[in-house]
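Residue numbers (my numbering): 83 to 345. Idealized CB from N, CA, C, for every residue including glycine. Here the structure is a predicted model, which is why all the values come from computation and not from measurement. Worksheet for the structure shown next.
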């Protein structure tokens with residue numbers, strides 16, 4: 083069994099064939115999926131999806147750094163209210179993105195800190211985005227994140243140094259189809275020997291980051307392709323695919339489980 087720890091199921095490309103996406107996931111033994119929310123609107127959509135597929139879906143509520151500049155004035159209260167839904171298991175996708183700066187940096191930081199504080203208050207993990215902002219992200223986490231608030235570095239693509247810095251904080255790591263792209267995966271491959279296997283989860287980030295090498299090439303990424311990522315990672319880690327599936331499924335359930343389960 084597999085657990086996709088990150089899918090953008092509110093994306094129009096996936097919603098267009100929702101029943102097919104869900105069926106193909108089940109056929110590929112992807113039993114559960116985590117819906118990533120990046121705005122208030124997406125979180126509201128994700129709740130409806132969790133109500134439609136309660137046995138298969140859980141979700142996050144959060145505001146992505148790209149969307150921080152357009153967050154409503156009462157965003158923190160809205161997120162807190164949305165987080166009361168039983169399908170919500172984390173706060174995010176939140177963090178900093180100094181690569182594109184779609185939102186001004188001060189607004190990114192303010193919205194990020196508010197979500198750190200909310201995660202602390204609600205005893206929920208943080209689902210983190212970071213691009214070209216590791217120094218400031220770690221600085222803010224060290225300042226505001228409670229010791230018992232778990233952190234998942236979503237879609238980790240960095241090298242050994244970045245992994246070491248996040249691992250020192252006790253972070254968990256989400257590995258995606260980036261691993262399958264030999265045009266740009268060298269740093270990630272170099273970091274794998276230091277990857278803490280007890281803090282590892284797998285995610286497609288669908289419909290984005292389609293794993294390379296699949297023939298015939300699919301039109302988009304989807305949860306049913308998570309085993310492709312798992313098989314690739316298992317080869318690099320020199321363990322069986324079955325063992326990796328069991329390990330990452332258990333890890334994901336533990337990370338997103340009730341507070342006493344995570345402790």
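Three-state secondary structure assigned by DSSP to residue i
i: residue 227; result: coil
i: residue 237; result: coil
i: residue 304; result: coil
i: residue 281; result: helix
i: residue 255; result: strand
i: residue 148; result: helix
i: residue 184; result: coil
i: residue 189; result: helix
i: residue 292; result: coil
i: residue 173; result: strand
i: residue 139; result: strand
i: residue 167; result: coil
i: residue 287; result: coil
i: residue 213; result: strand
i: residue 243; result: helix
i: residue 178; result: strand
i: residue 206; result: coil
Between the CA atoms of residue j and residue i - distance to the nearest angstrom
i: residue 212; j: residue 176; result: 8 Å
i: residue 303; j: residue 291; result: 7 Å
i: residue 327; j: residue 84; result: 6 Å
i: residue 145; j: residue 90; result: 13 Å
i: residue 174; j: residue 232; result: 12 Å
i: residue 294; j: residue 271; result: 15 Å
i: residue 278; j: residue 254; result: 8 Å
i: residue 225; j: residue 218; result: 10 Å
i: residue 193; j: residue 123; result: 16 Å
i: residue 166; j: residue 251; result: 27 Å
i: residue 203; j: residue 298; result: 47 Å
The ligand MN heavy atom lying under 7 Å from the CB of residue i
i: residue 296; result: Looking for the ligand MN in the displayed structure turns up nothing, as the structure carries no ligands at all.
Burial state of residue i (16 or more Cβ within 10 Å)
i: residue 137; result: exposed
i: residue 191; result: buried
i: residue 86; result: buried
i: residue 155; result: exposed
i: residue 281; result: buried
i: residue 102; result: exposed
i: residue 114; result: buried
i: residue 107; result: buried
Whole-angstrom C-beta distance between residue j and residue i, which should lie under 8 Å
i: residue 210; j: residue 274; result: The Cβ separation is near 20 Å, so there is no contact.
i: residue 116; j: residue 141; result: 7 Å
i: residue 321; j: residue 310; result: In fact, because the Cβ distance is near 16 Å, the residues do not count as touching under 8 Å.
i: residue 131; j: residue 143; result: That pair is no contact at about 13 Å.
Quick check on the DSSP output: what are the complete alpha helix (DSSP H) runs of length 4 or more inside the stretch 86–131, in order along the chain?
94–97, 100–109
Complete runs of the alpha helix (DSSP H) confined to the stretch 302–336 [at least 4 residues]
308–319
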